[in-house]
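**Student:** Quick one: this structure, given as C-alpha cells, is what I'll be asking you about.
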Ligand SMILES: CC(C)(COP(=O)(O)OP(=O)(O)OC[C@H]1O[C@@H](n2cnc3c(N)ncnc32)[C@H](O)[C@@H]1OP(=O)(O)O)[C@@H](O)C(=O)NCCC(=O)NCCS
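Residue numbers (my numbering): 383 to 547.
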C-alpha cells in the first residue's frame, strides 16, 4: 500500500472512488466527488492524499482551508475521506488521515477541523470545542485539532465548493 500526494493521473480514479465509497452512505448527498473537483479547480485542495494498492486508488482524503469568523486563520478542514468499500476497516482511512495531518503540520497549519463521526475522528486527537462552532450540526459532530496555541473562536466556514458554489 502506497500513501502519497495525488498526481494528475489519479484524478479520475479519485472521482470514481469517492462516488463509490459514498454511495448509500446515510449522511451523503452525493456531492463529495464534485466538492473535491471544485476545490482543485479553485486552487483550494491544499492537501490531497491517495492510498494506492496494486495500481488502484483505494483511498483518498482532502484538506482545504477554512475560515473562522470570515478570516483565514491557518485552519484547514478534513474531508471528504473515502475508502473503497472492499478495503474498509483495514486501517487505510487511519493511514490517510495521519499522513494528511502530518502534511498540514509541515505547511505550518494552525489546526484542522472535521465534520463527522466523533468516535472515528477522536482517535486522531480531534475534540469538540465550544469556541469553534459550525452552524446547524449537532455540536459533537464538529471537532478540531490544534497544532498551535494561538487563540481562535467563532463560526467556521468551509470553502465555497462545499456549499455548491
Ligand atoms: C469512514 C471510512 C473513511 C473509514 O475508513 P476505514 O479505512 O474503513 O477506517 P480504518 O480501517 O482506518 O478504521 C477502522 C476503525 O474505524 C471504525 N470505523 C470505520 N468506519 C467507521 C464509520 N463509518 N463510523 C465510525 N467508525 C468507523 C472501525 O470500527 C474501526 O475501529 P477500530 O480501529 O476500533 O476497530 C470508510 O469507512 C468510508 O470510506 N466510508 C464511506 C465514506 C464516509 O463515510 N466517509 C467519512 C465521512 S467524510
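In this text, a Cβ means the ideal position worked out from N, Cα and C, and glycines have one as well.
(1) Thinking C-alpha only, which one of 455, 508 and 393 is nearest residue 431?
(2) If we require 3 or more residues per run, which beta strand (DSSP E) segments fall completely within the segment 426-486?
(3) Between the Cα of residue 416 and those of 407, 482 and 399, spot the shortest distance and give me the residue it belongs to.
(4) What residues are listed by DSSP as bridge partners for residue 524?
(5) Using only the alpha-carbon positions, how far apart do residue 540 and residue 397 sit?
(6) Please confirm whether residue 474 and residue 440 have their CB atoms less than 8 Å apart.
(7) Assuming contact is defined by CB atoms lying nearer than 8 Å, are residue 497 and residue 461 in contact in what I supplied?
(8) Reducing DSSP to helix, strand and coil, say where residue 515 ends up.
(9) In or out: residue 545 buried (at least 16 other Cβ within 10 Å) or exposed?
(10) Please state whether DSSP places residue 509 in a helix, a strand or coil.
(11) Comparing alpha-carbon positions, which option in 468, 491 and 423 lies nearest residue 390?
(12) Could you please give me the residues that DSSP links to residue 536 through a beta bridge?
(13) Hey, how far is the Cα of residue 531 from the Cα of residue 404?
(14) State yes or no: is the C-beta of residue 421 nearer than 7 Å to some heavy atom of ligand 1?
(15) Exposed or buried, which one is residue 406 when buried takes at least 16 other CB atoms within 10 Å?
(16) Could you tell me the boundaries of the beta strand (DSSP E) in which residue 416 lies?
**Tutor:** Taking the definition as stated:
(1) Taking the chain shown and counting its residues from 1, one reaches residue 431 at position 49. The shortest Cα separation from residue 431 among 455, 508 and 393 belongs to 393.
(2) 429-435, 438-450 and 453-465
(3) Position 34 of the chain shown, counted from the start, is the residue given in the question as residue 416. If we check each option's Cα against that of residue 416, 399 comes out closest.
(4) As a position in the chain shown, residue 524 is number 142, starting the count at 1. Answer is 497, bridged to residue 524.
(5) The count along the chain shown starts at 1 and reaches residue 540 at position 158. The count along the chain shown starts at 1 and reaches residue 397 at position 15. Distance between the alpha carbons of residue 540 and residue 397 is about 20 Å.
(6) Numbered from its first residue, the chain shown carries residue 474 at position 92. Numbered from its first residue, the chain shown carries residue 440 at position 58. Contact flag set, yes.
(7) Along the chain shown, read from residue 1 onward, the residue named residue 497 stands at position 115. Along the chain shown, read from residue 1 onward, the residue named residue 461 stands at position 79. A contact, by the Cβ cut-off of 8 Å.
(8) Counting from one through the chain shown, the residue named residue 515 turns up at place 133. Strand.
(9) Locating residue 545 in the chain shown gives position 163, counting from the first residue. By the 10 Å Cβ count, residue 545 comes out exposed.
(10) Along the chain shown, one-based indexing puts residue 509 at 127. Three-state result, residue 509: strand.
(11) Numbered from 1 along the chain shown, position 8 holds the residue referred to as residue 390. Closest by alpha carbon: 423.
(12) Locating residue 536 in the chain shown gives position 154, where the first residue counts as 1. Paired residue(s): 514.
(13) Counting from one through the chain shown, the residue named residue 531 turns up at place 149. Counting from one through the chain shown, the residue named residue 404 turns up at place 22. The alpha-carbon atoms of residue 531 and residue 404 are separated by roughly 35 Å.
(14) What you label residue 421 is simply residue 39 of the chain shown in a count that begins at 1. Incorrect: residue 421 has no Cβ contact closer than 7 Å to ligand 1.
(15) Numbered from 1 along the chain shown, position 24 holds the residue referred to as residue 406. Burial call: exposed.
(16) Taking the first residue of the chain shown as position 1, residue 416 is located at position 34. Premise fails: residue 416 lies in the alpha helix (DSSP H), 414-423, not in any beta strand (DSSP E).
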